[in-house]
Each structure stands twice: as structure tokens, then as C-alpha cells.
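Visitor: Here it is, the structure in full.
Number of protein chains: 4
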Amino acid sequence: MSVDPTSSVPIYRQIVEYVRRAVAAGVHRPGEAIPSLRAMALDLGINPNTVQRAYEELEREGVIEARKGLGMFVTKSGVASARTKSEASVFAAFNQGIRAGKAARMPAGRIRATFDEAWADANTKRSGQS
Amino acid sequence: MSVDPTSSVPIYRQIVEYVRRAVAAGVHRPGEAIPSLRAMALDLGINPNTVQRAYEELEREGVIEARKGLGMFVTKSGVASARTKSEASVFAAFNQGIRAGKAARMPAGRIRATFDEAWADANTKRSGQS
Amino acid sequence: MSVDPTSSVPIYRQIVEYVRRAVAAGVHRPGEAIPSLRAMALDLGINPNTVQRAYEELEREGVIEARKGLGMFVTKSGVASARTKSEASVFAAFNQGIRAGKAARMPAGRIRATFDEAWADANTKRSGQS
Amino acid sequence: MSVDPTSSVPIYRQIVEYVRRAVAAGVHRPGEAIPSLRAMALDLGINPNTVQRAYEELEREGVIEARKGLGMFVTKSGVASARTKSEASVFAAFNQGIRAGKAARMPAGRIRATFDEAWADANTKRSGQS
DNA sequence: GTGGTCTAGACCACA
DNA sequence: GTGGTCTAGACCACG
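Chains as they are written, first to last, in this note's numbering: chain F, 2 to 131; chain E, 2 to 131; chain U, 2 to 131; chain W, 2 to 131.
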């Protein structure tokens with residue numbers, strides 16, 4: 002994994018979304034530990050405080066829980082929580098796109114066509130990559 | 002029009018997007034003037050500096066142009082430019098949603114279904130609103 | 002106001018509870034701004050980051066909201082939120098005391114008597130103070 | 002007995018309070034031995050170091066005493082000491098709740114009512130539990 | 001070793 | 001001026 006420090010979306014939020022997706026995708030299973038604060042920070046070349054902030058938010062979401070002196074662990078309901086949160090963000094993105102299109106008076110067919118373009122774009126670029 | 006000072010998206014950006022969409026939708030036609038700095042600021046109850054920053058960005062985009070002592074006018078190419086920008090943002094939103102879903106290992110059908118949900122949601126909520 | 006840096010309860014949490022109570026008590030009314038990050042930090046003689054962390058939590062609770070460039074403002078529902086949260090903490094404290102007493106096999110009458118003692122203690126000490 | 006590794010209150014403290022209450026309740030009588038370090042650690046599935054830290058604190062409180070090669074025993078004054086400590090913690094909890102309520106400008110009647118709620122809550126939940 | 005808190009100081013975007 | 005993010009480095013309690 003890697004983060005983009007130049008992005009307008011904060012680093013800690015990138016980590017939140019990355020870990021959340023990893024849990025949703027089953028990379029980390031309930032009861033298992035995720036990389037420690039310092040390990041993750043070293044791996045990404047950033048400050049441990051930044052990672053801590055991300056983990057704090059994931060704990061608040063109920064995806065992981067802290068055990069002092071041991072590490073951060075995926076909760077029993079963590080996978081479900083992560084999956085729900087992930088789907089919500091997908092829905093939100095689509096919603097935003099649709100509303101933006103409607104506000105600009107794009108015809109319904111044009112909006113749906115734009116989605117199909119994005120869909121094709123995402124599929125071709127990823128499946129046929131080097 | 003109104004503006005949400007609470008939103009995480011800056012006020013000046015809300016104005017930019019609103020005007021851009023209004024131009025794309027044909028509310029303001031080429032050669033026509035858009036509301037003056039002070040008029041817009043008074044109407045929204047915000048600082049004129051904020052409106053100015055938005056107009057500067059729209060001018061940089063080529064959607065409007067300043068005529069000293071007269072105000073800001075929609076350029077001849079403004080409508081096309083605004084339309085292009087608007088559609089690009091729609092595409093970008095869809096793209097982001099699709100990639101987020103894929104990263105979380107959502108099945109393709111689930112992603113498309115989520116789009117349909119968002120679509121239905123946007124349509125039903127708008128038709129029966131005040 | 003003041004904070005106790007030696008306490009086991011973190012400074013940022015002390016601030017959260019203090020501001021929450023102030024809002025619940027009507028010291029800050031909806032739509033009004035609370036002291037800025039730097040002002041509060043200077044006043045307490047602590048680091049702005051610590052105050053920021055407290056304000057962040059209050060924003061998450063819905064008690065206040067940030068307006069970039071302007072400050073932090075009490076939300077419309079802020080007073081109700083703060084009041085609810087405050088009562089919840091009172092309930093939690095009583096609950097903990099009761100359970101501790103029961104676990105130690107204190108007779109019911111003894112537990113209630115202890116509450117009355119605490120009640121009398123809190124009243125006399127505060128009402129007759131210099 | 003069981004322990005909650007998730008709780009914000011440290012595990013060693015949970016053990017201290019549990020043993021103290023058990024002694025106060027007469028589960029362990031003066032001169033009797035309490036479970037050995039290793040037995041307790043195995044039973045709870047935690048590190049013996051953690052149990053040791055708890056026992057050290059109980060010894061410092063005068064509730065138990067170590068007899069080399071034999072184990073930890075409840076002292077003659079242990080029961081009284083434990084009882085005092087337990088009641089003090091109950092009083093402290095009530096005191097904290099009352100002061101928090103007063104700080105939030107809760108009317109006196111509302112505070113007492115909250116205690117009654119907590120009291121009823123603790124009684125009903127315990128009687129019908131598994 | 002782990003996570004939790006705090007400080008000092010910096011840079012940024014926003015109004 | 002405001003809040004938001006990040007770094008560097010420190011100390012602590014916990015297991």
C-alpha cells in the first residue's frame with residue numbers, strides 16, 4: 002500500500018479507507034491484529050501520529066478495537082461494519098454524480114450513459130493493465 | 002440559491018459549481034451578465050471576498066469574463082466550457098464510486114445495483130419535494 | 002475555567018466535558034461561537050492541538066460545528082445534544098456506583114444511604130463555600 | 002470470573018477490584034488463600050505479569066499478604082480494609098455523578114430521579130438475567 | 001513491544 | 001484571523 006501526501010484528501014483518511022476496504026475484502030479477519038502504529042508508519046514513511054489518528058477513527062466506527070500493550074484487532078462485527086461503510090461511500094459518490102448531472106440539466110439518458118462510460122473505463126483500464 | 006457554510010466543501014467552491022451549472026443549464030446565456038459581487042454576497046449573506054474568489058476561478062475557467070465597470074459576463078464559449086466541466090465532474094464522481102466498490106471487493110452486480118438505488122433515490126426524492 | 006494536567010483523565014476530555022456542560026447550562030447559545038482554538042489554548046496554558054482534539058469530539062457529538070475561517074459555533078440542536086450527553090454521564094456514574102456496591106454485597110439500604118451521604122456532601126460543600 | 006480486555010479500565014485494575022469485592026463480600030475469609038498467580042492467569046487467559054501487578058496492589062492495600070512458597074492470603078484486617086475501599090469507590094462514583102449533574106445545571110430533582118432510574122435499571126436487569 | 005496523550009512548531013486553505 | 005493537517009519527538013501506562 003501507499004499514500005499520496007499531495008492529495009487534497011488527508012493522509013489519515015486515505016489510511017482509514019484503505020484499512021476499511023482491506024477488512025471488507027477479508028484481508029484482515031475478525032480477531033486478527035492489523036499492523037501496529039509504528040509498523041504502518043514506517044511502512045508508509047509517515048508519522049505514527051497520523052496513523053494513530055486513522056486507527057482512532059476506525060475504532061470509533063467499530064471496525065477495530067485497541068488492546069493496550071497488544072495492538073489493534075478486527076472486531077467480530079468489523080467485517081460487516083466495514084462492508085456497510087464501504088457501500089455507503091459508493092452510494093454517496095453515485096448520488097453526488099447524479100445530483101450534479103441533474104443540476105446541470107443533463108438529460109437522464111446522458112447521465113446514465115456517463116455511468117456506463119465510467120464503468121467501461123474502470124474495467125478496461127484495470128483488467129488489461131501491465 | 003443558497004449556500005451551506007457547514008459543508009466540508011468550501012463556500013467559494015459551492016458558488017463556482019452553482020454558477021457553472023446554471024450556465025450549463027442555460028439559465029445565463031452568452032453575453033448576459035451574472036449577478037454582481039456585492040449583489041451575490043448580500044443575497045447569500047456572506048463576505049464579498051468569498052464571492053470574488055469564486056468569480057476569479059470561473060474567469061480562469063473561461064466561463065465568464067470581467068468587463069471593467071460593467072460586471073461579469075458569460076463568454077461565447079462559456080456554455081460549452083461549463084457543460085464540459087459539469088459532465089467531467091459527473092464522470093469523476095461515478096469513477097470514484099466504481100473504484101471504491103472494486104477496492105472493497107464488491108461484486109460487479111452489487112456496484113451496478115447501488116447505482117440503480119442512488120438513481121431511484123434521486124428521482125423519488127426530487128419529484129415530491131417542496 | 003482550568004484543567005488538571007496531572008489527572009488521569011486526559012486534558013482534551015476535561016475540555017470536552019467542560020464545554021458540553023457549559024452548552025447544556027446555556028452559557029453558549031445556539032448560533033453563538035465558542036472561544037477559538039488558540040484563544041482557549043492560551044487561556045488554559047496548553048497546546049492548541051489539545052484543544053483542537055476536544056473541539057473535534059464535540060463536533061462529532063453534534064454539539065458544535067466548524068466554519069472554516071470563522072470559528073466553532075453551537076449548533077441548533079447543540080443544547081439538546083449536550084444536555085442528553087451530560088445526563089447520560091450522570092446515569093453512567095450512578096450505575097457504576099450501584100453495581101460496585103452490589104458486587105461487594107453491600108445491602109441495598111447501605112447503597113442508598115451512601116448516595117444520600119454523597120448528596121448531602123455535595124450540597125453542603127458547595128452552598129456554604131467562601 | 003472474567004475480564005474485559007476491551008475496556009478502557011486496565012485489566013490489572015479489573016482484577017484488583019474484583020478480588021477486593023470478593024473479599025468484602027466474604028467469598029475469601031481472613032487466613033484463606035486466594036488463587037495462585039498462575040492459576041488466575043490461566044483461568045483468565047492473560048499474562049501472569051498482569052495478575053502479579055494486581056496482587057502487588059492488593060498487598061500494598063493490606064488486603065492480602067504473600068507467604069513465600071505458599072501463596073497469597075487474606076489478612077486479618079483484609080475484610081474491613083476491602084469493605085472500606087469498596088464503599089469509598091461507591092461514594093466516589095455517586096459524588097462524581099452528582100457534581101457532573103450540578104455542573105450541567107440539572108435541577109436537583111432531575112439528578113435524584115436519574116439515580117432512581119439507575120437503581121431500578123440495575124435491579125430489573127439483574128433479576129431476569131441468564 | 002503496544003497504544004494513548006501531549007508539546008512545539010510548521011504549512012495550508014478559507015473567510 | 002480562523003480551523004485542519006502533519007511532523008518530530010517526548011513521556012506514560014499497559015501486557
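Each residue gets a CB set at the ideal place from its N, CA and C atoms; glycine is no exception.
What does U/Glu66 reach in chain E if we use C-beta pairs closer than 7 Å?
Guide: One-based indexing of the third sequence puts residue 66 of chain U at position 65. Here the neighbours are Thr7.
Visitor: Would DSSP call F/Met2 helix, strand or coil?
Guide: As a working mapping, residue 2 of chain F is identified with position 1 in the first sequence. It is coil, neither helix nor strand.
Visitor: Measuring alpha carbon to alpha carbon, tell me which of U/Tyr19, U/Asp117, U/Arg106, U/Arg84 ends up nearest U/Phe95.
Guide: The residue you call residue 95 of chain U lines up with position 94 of the third sequence. It is U/Asp117.
Visitor: Using the C-alpha atoms, what's the distance from U/Ser9 back to W/Pro31?
Guide: Along the fourth sequence, read from residue 1 onward, the residue named residue 31 of chain W stands at position 30. Along the third sequence, read from residue 1 onward, the residue named residue 9 of chain U stands at position 8. Cα to Cα, the separation comes out at about 33 Å.
Visitor: Are U/Val91 and W/Thr125 closer than 7 Å when you measure CB to CB?
Guide: Residue 91 of chain U sits at position 90 when you count from the first residue of the third sequence. Residue 125 of chain W sits at position 124 when you count from the first residue of the fourth sequence. Cβ distance not < 7 Å, so U/Val91 and W/Thr125 don't count as in contact.
Visitor: Between E/Ala81 and the ligand GDP, is there a pair consisting of the residue's CB and a ligand heavy atom that are separated by less than 6 Å?
Guide: For the structure depicted, the ligand GDP is absent and the ligand set is empty, with no information on it obtainable.
Visitor: Which of the three DSSP states, helix, strand or coil, is assigned to F/Ala67?
Guide: The residue given as residue 67 of chain F occupies position 66 in the first sequence. Strand.
Visitor: Since E/Met73 is in the alpha helix (DSSP H), which residue starts that stretch and which ends it?
Guide: Residue mapping note: residue 73 of chain E aligns to position 72 of the second sequence, counting from 1. First-last for E/Met73: 72-75, but that is the beta strand (DSSP E), not the alpha helix (DSSP H).
Visitor: Closer than 7 Å by C-beta to F/Arg132: which residues in its own chain qualify, once you throw out the five before and the five after it? Chain order, please.
Guide: Residue 132 of chain F lies beyond the stretch modelled for chain F, which goes from 2 to 131, so this question has no answer here.
Visitor: Would you call the CB atoms of E/Glu62 and E/Phe74 closer than 7 Å?
Guide: One-based indexing of the second sequence puts residue 62 of chain E at position 61. One-based indexing of the second sequence puts residue 74 of chain E at position 73. Result no, Cβ atoms of E/Glu62 and E/Phe74 do not sit closer than 7 Å.
Visitor: Where F/Ala105 and F/Asn48 are concerned, what is the direct C-alpha to C-alpha distance, given to the nearest angstrom?
Guide: If you number the first sequence from 1, residue 105 of chain F lands on position 104. If you number the first sequence from 1, residue 48 of chain F lands on position 47. Cα to Cα, F/Ala105 sits roughly 42 Å from F/Asn48.
Visitor: Run the CB neighbour count on E/Val20, radius 10 Å, all protein chains shown included, and call it buried at 16 or more, exposed below.
Guide: By 1-based counting over the second sequence, the position of residue 20 of chain E is 19. Label assigned to E/Val20: buried.
Visitor: Quick check on this structure: which residue in W/Ser87, W/Asp5, W/Val52, W/Ile16 has the alpha carbon closest to the alpha carbon of W/Arg39?
Guide: Position 38 of the fourth sequence holds residue 39 of chain W. W/Arg39 has its Cα closest to that of W/Val52, out of W/Ser87, W/Asp5, W/Val52, W/Ile16.
Visitor: If you measure from the beta carbon of U/Phe95 to each beta carbon in chain W, is any gap under 7 Å?
Guide: Stepping through the third sequence from its first residue, residue 95 of chain U is reached at position 94. Yes, because at least one Cβ of chain W sits closer than 7 Å to the Cβ of U/Phe95.
Visitor: Mind checking the region 87-114 of chain E against chain F and listing, in chain order, the residues whose C-beta falls within less than 9 Å of any C-beta there?
Guide: From the region 87-114 of chain E, only Ser87, Glu88, Ser90, Val91, Phe92, Ala93, Ala94, Phe95, Asn96, Gln97, Gly98, Ile99, Arg100, Ala101, Gly102, Lys103, Ala104, Ala105, Arg106, Met107, Ala109, Arg111, Ile112, Arg113 have a Cβ closer than 9 Å to chain F.
Visitor: Return helix, strand or coil for E/Ala105, following the three-state DSSP convention.
Guide: As a first step, residue 105 of chain E must be located in the second sequence, where it is residue number 104. Coil.
Visitor: Closer than 7 Å, CB to CB, is E/Ala119 near chain F or not?
Guide: Mapped onto the second sequence, residue 119 of chain E falls at position 118. Yes, contact with chain F.
Visitor: Can you tell me whether U/Ile35 is helix, strand or coil according to DSSP?
Guide: Walking along the third sequence from the start, residue 35 of chain U turns up at place 34. Of the three classes helix, strand and coil, the one that applies to U/Ile35 here is strand, per DSSP.
Visitor: Is it buried or exposed, E/Val17, if we count other Cβ atoms within 10 angstroms and call 16 or more buried?
Guide: Stepping through the second sequence from its first residue, residue 17 of chain E is reached at position 16. It is buried - the Cβ of E/Val17 has at least 16 other Cβ atoms within 10 Å.
Visitor: Are the Cβ atoms of E/Ala123 and F/Ile99 separated by less than 7 Å?
Guide: Walking along the second sequence from the start, residue 123 of chain E turns up at place 122. Walking along the first sequence from the start, residue 99 of chain F turns up at place 98. Going by C-beta atoms, E/Ala123 is nearer than 7 Å to F/Ile99.
Visitor: List, in order along the chain, the chain F residues whose C-beta lies closer than 7 Å to that of E/Phe116?
Guide: The sequence position of residue 116 of chain E within the second sequence is 115, counting from 1. Under the 7 Å cutoff, chain F gives Phe95, Phe116.
Visitor: Would you call E/Thr7 buried or exposed, if buried means 16 or more other Cβ atoms sit within 10 Å of its Cβ?
Guide: Position 6 of the second sequence, counting from 1, holds the residue named residue 7 of chain E. Exposed, because fewer than 16 other Cβ atoms sit within 10 Å of the Cβ of E/Thr7.
Visitor: From what residue to what residue does the alpha helix (DSSP H) around F/Pro49 run?
Guide: Reading the first sequence from its first residue, position 48 is the one you call residue 49 of chain F. Run containing F/Pro49: 49-62, per the alpha helix (DSSP H) assignment.
Visitor: Quick check on E/Glu88: buried or exposed, where buried means 16 or more other Cβ atoms within 10 Å of its Cβ?
Guide: Taking the first residue of the second sequence as 1, we reach residue 88 of chain E at position 87. Classification of E/Glu88: buried, given that the 10 Å Cβ count is 16 or more.
Visitor: I need the boundaries of the alpha helix (DSSP H) containing U/Val17, first residue and last residue.
Guide: Your numbering for residue 17 of chain U matches position 16 in the third sequence. First-last of the alpha helix (DSSP H) with U/Val17: 12-25.
Visitor: I'd like to know whether the C-beta of E/Ala81 is nearer than 7 Å to at least one C-beta of chain F.
Guide: Looking up residue 81 of chain E in the second sequence gives position 80. Judged by the 7 Å Cβ criterion, E/Ala81 is not in contact with chain F.
Visitor: Helix, strand or coil for F/Val28? Go by DSSP, reduced to three states.
Guide: Against the first sequence, residue 28 of chain F aligns to sequence position 27. DSSP places F/Val28 in coil when its eight states are reduced to three.
Visitor: Grab me the residues of F/Ala93's own chain with a C-beta within less than 7 Å of its C-beta, minus the 5 sequence neighbours each way, in chain order.
Guide: Stepping through the first sequence from its first residue, residue 93 of chain F is reached at position 92. Correct list: empty, nothing qualifies.
Visitor: Give the DSSP-derived three-state secondary structure of U/Ile112 in the structure shown.
Guide: Translated into the one-based positions of the third sequence, residue 112 of chain U becomes position 111. It is helical.
Visitor: For E/Arg68, collect the residues of the same chain with a Cβ closer than 8 Å to its Cβ; drop the 5 residues on either side in sequence, then sort them by chain order.
Guide: The residue you call residue 68 of chain E lines up with position 67 of the second sequence. Same-chain partners within the cutoff: Phe74.
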